[in-house]
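Numbering (our numbering), first residue to last: 16 to 112. The beta carbon of each residue, even a glycine, is placed where N, CA and C say it ideally should be. Everything below concerns the one structure shown next.
Set out below in structure tokens:
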């Protein structure tokens with residue numbers, strides 16, 4: 016575990032149990048999503064349609080108010096991940112999906 020993650024957990028211990036659980040749920044969801052992305056991009060046979068559906072789903076969730084704004088404070092571990100995700104979501108809009 017990195018020193019930064021250790022520090023985050025130490026700081027979280029000072030919060031109420033409810034807030035600790037909320038942070039834990041967010042972290043677990045982020046980890047699950049990261050693993051899904053890694054698996055998606057690790058598979059060289061990934062179909063562009065899958066990415067389009069993922070982008071469309073994300074846009075719908077955002078329009079329905081099921082998302083929350085977050086500031087991205089890290090770089091993507093895969094240099095093209097952000098570009099691919101952005102291009103995919105833009106193409107979905109272009110196709111009227």
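Looking at the backbone, the Cα of residue 32 and that of residue 62 are separated by about 42 Å. Of the candidates 41, 70 and 40, the residue whose Cα lies closest to the Cα of residue 52 is 70.
In this structure, the CA atom of residue 19 is about 10 Å from the CA atom of residue 25. Within the model, the alpha-carbon separation for residue 17 versus residue 28 is close to 17 Å. In the structure shown, residue 28 adopts coil according to DSSP, grouped into three states.
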